[in-house]
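Engineer: Please see the structure below; I have some questions.
Residue numbers (the numbering used here): 18 to 69.
Shown next as structure tokens:
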């Protein structure tokens with residue numbers, strides 16, 4: 018996100034605000050548990066569709 022955000026913002030301009038919705042920064046790239054992955058993934062998808 019930190020790498021691609023400036024490029025997206027440059028292409029979209031100030032008219033389209035961008036906001037990151039996803040896992041917070043962590044040392045591990047994975048949840049470590051299928052159950053926690055599913056819980057967190059569901060929360061991420063819900064947040065993404067609530068934006069309006």
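Every residue, glycine too, gets a C-beta built ideally from N, C-alpha and C.
State the DSSP-derived secondary structure class of residue 24, mapped to helix, strand or coil.
Structural biologist: By 1-based counting over the chain shown, the position of residue 24 is 7. Here residue 24 sits in helix by DSSP.
Engineer: My understanding is that residue 57 touches residue 40, with C-beta atoms under 8 Å, so please give their C-beta distance in whole angstroms.
Structural biologist: On the chain shown, residue 57 is found 40 positions in, with the first residue counted as 1. On the chain shown, residue 40 is found 23 positions in, with the first residue counted as 1. That belief holds up - the Cβ atoms of residue 57 and residue 40 are roughly 7 Å apart, short of 8 Å.
Engineer: Given a cut-off of 7 Å on the beta-carbon distance, is the pair residue 38 and residue 65 in contact?
Structural biologist: Your numbering for residue 38 matches position 21 in the chain shown. Your numbering for residue 65 matches position 48 in the chain shown. Yes.
Engineer: Have a look at residue 31 and residue 51 and give me their C-alpha separation to the nearest angstrom.
Structural biologist: Taking the first residue of the chain shown as 1, we reach residue 31 at position 14. Taking the first residue of the chain shown as 1, we reach residue 51 at position 34. Taking the straight line joining both Cα atoms gives about 38 Å.
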